[in-house]
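See below for the structure under consideration.
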Amino acid sequence: VIDCAHGATYRVAPAVFSELGAQVVVMNNTPDGTNINDKCGAVHPQAMAQRVVEERAHLGVAFDGDGDRAIFADESGNTLDGDYILSICGLELIKKGQLPANTVVATIMSNMGLDLTLAPHKGKVVRTAVGDRYVFEEMQKGGYTLGGEASGHIIFRIHSSTGDGIVTALQVLAIMAEKGKPLSELAKDTIRLPQVQRSLTVSKKPPLDSVPEIQRELKRAKELLNGKGRVVVRYSGTEPKVRIMVEGEDSHLINSLLEDLSRVMERTLREA
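Adding 341 to a residue's 1-based position in the sequence shown gives its number in my numbering.
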């Protein structure tokens, strides 16, 4: 099942997968100039995942409008984001001795489970700021060949200098075919830590390290996580918002920390 998001892949993707011998069910492939990404594609993969179950398909892929991202669904309709794809492809390349320095490049928003998945195989994760340009810069600098974001933007540097959803889908399909395993089986090796996120509208954006109350709360959160989780707080680059992400082994604790951090952020960043 392919969801083209009424965008760039609407003609090419169905042709590519059909040519390779797949039976293709296509969704959202009638762009009219206004319906791109509208409740469909990688941003809204739920309908694609549901269609996989209805069609009893082996796999579903949802591209975004410009075709550089891909979100997957396994045969049971479970959606898999970019962290799963980095994990699946990273493990395969490590086993084949084809991953330089056994290193995957991800952003600060990628799940810590990615590190835990690769570590037993002598793999590691190098993290960058959010944005594919930072991922690619780090890949160039370190000579790495696999990197990406949880949003489904994956860069295979030996093929391209940017994300390409079709290339990403082909890489995943190749591993499935080579191993003779469904996507759900490949995804089982990926560890996921509970993660919660929230965006808050703010009226000002002082440097976060210049606000003592925020720094105190961040220090407290990190102490409570005790090395078994992470807190990431950053301003949106495009909106008047601050984004908070907390992850860790204890779901109750991370939800509690998210509430505490949110209260402090609202109090300090919304004041006149």
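Using N, Cα and C, we set each Cβ at its ideal position, and we do this for glycine too.
Taking only three categories from DSSP, how would you classify Glu490?
Along the sequence shown, one-based indexing puts residue 490 at 149. DSSP places Glu490 in the coil class of the three-state scheme, outside both helix and strand.
State whether the segment 420-438 contacts the segment 455-470, with contact taken as three or more CB pairs (one from each stretch) at a distance under 8 Å.
In short, these stretches touch, since the Cβ pair count reaches three.
Tell me the residue span of the beta strand (DSSP E) that contains Tyr576.
One-based indexing of the sequence shown puts residue 576 at position 235. In this chain, the beta strand (DSSP E) harbouring Tyr576 covers Gly570 to Tyr576.
Ignoring anything shorter than 3 residues, give me the beta strand (DSSP E) runs that lie fully in the segment 354-413, in order along the chain.
For the segment 354-413, whole beta strand (DSSP E) runs of length 3 or above, ordered along the chain, are 401-404.
For Arg575 and Lys582, what's the separation of their Cα atoms in angstroms?
The residue you call residue 575 lines up with position 234 of the sequence shown. The residue you call residue 582 lines up with position 241 of the sequence shown. Cα-Cα distance, rounded: 9 Å.
Residue interval of the beta strand (DSSP E) (run including Ala447)
Position 106 of the sequence shown, counted from the first residue, corresponds to residue 447. Per DSSP, Ala447 belongs to the beta strand (DSSP E) from Thr444 to Thr448.
Closest residue to Phe539 among Gly408, Glu588, Tyr351 and Lys380 (Cα-Cα distance)
As a position in the sequence shown, residue 539 is number 198, starting the count at 1. Note on identity: in this sequence residue 539 is Arg, with Phe being the wrong assignment. Checked all of Gly408, Glu588, Tyr351 and Lys380; the closest Cα to Arg539 is Glu588.
According to the Cβ coordinates, are Ala390 and Ala414 closer than 7 Å?
As a working note, residue 390 is residue 49 in the sequence shown. As a working note, residue 414 is residue 73 in the sequence shown. Yes, the pair counts as a contact, with Cβ atoms nearer than the cut-off.
How is Gly423 classed by DSSP in three states: helix, strand or coil?
Here residue 423 refers to the residue found at position 82 when the sequence shown is read from its first residue. Here Gly423 sits in helix by DSSP.
Report all residues from its chain with a CB closer than 6 Å to the CB of Glu360; omit the five preceding and five following residues, and keep chain order.
In the sequence shown, residue 360 corresponds to position 19, counting from 1. Excluding the 5 residues flanking it on each side, Glu360 has no same chain C-beta neighbour closer than 6 Å.
Quick one: any contact between the segment 443-452 and the segment 395-410, if contact means 3 or more CB pairs under 8 Å?
The segment 443-452 is not in contact with the segment 395-410.
Please determine, among Asp373, Cys381 and Gly374, the residue with the shortest C-alpha to C-alpha distance to Val367.
As a working mapping, residue 367 is identified with position 26 in the sequence shown. Considering only alpha carbons, the answer is Cys381.
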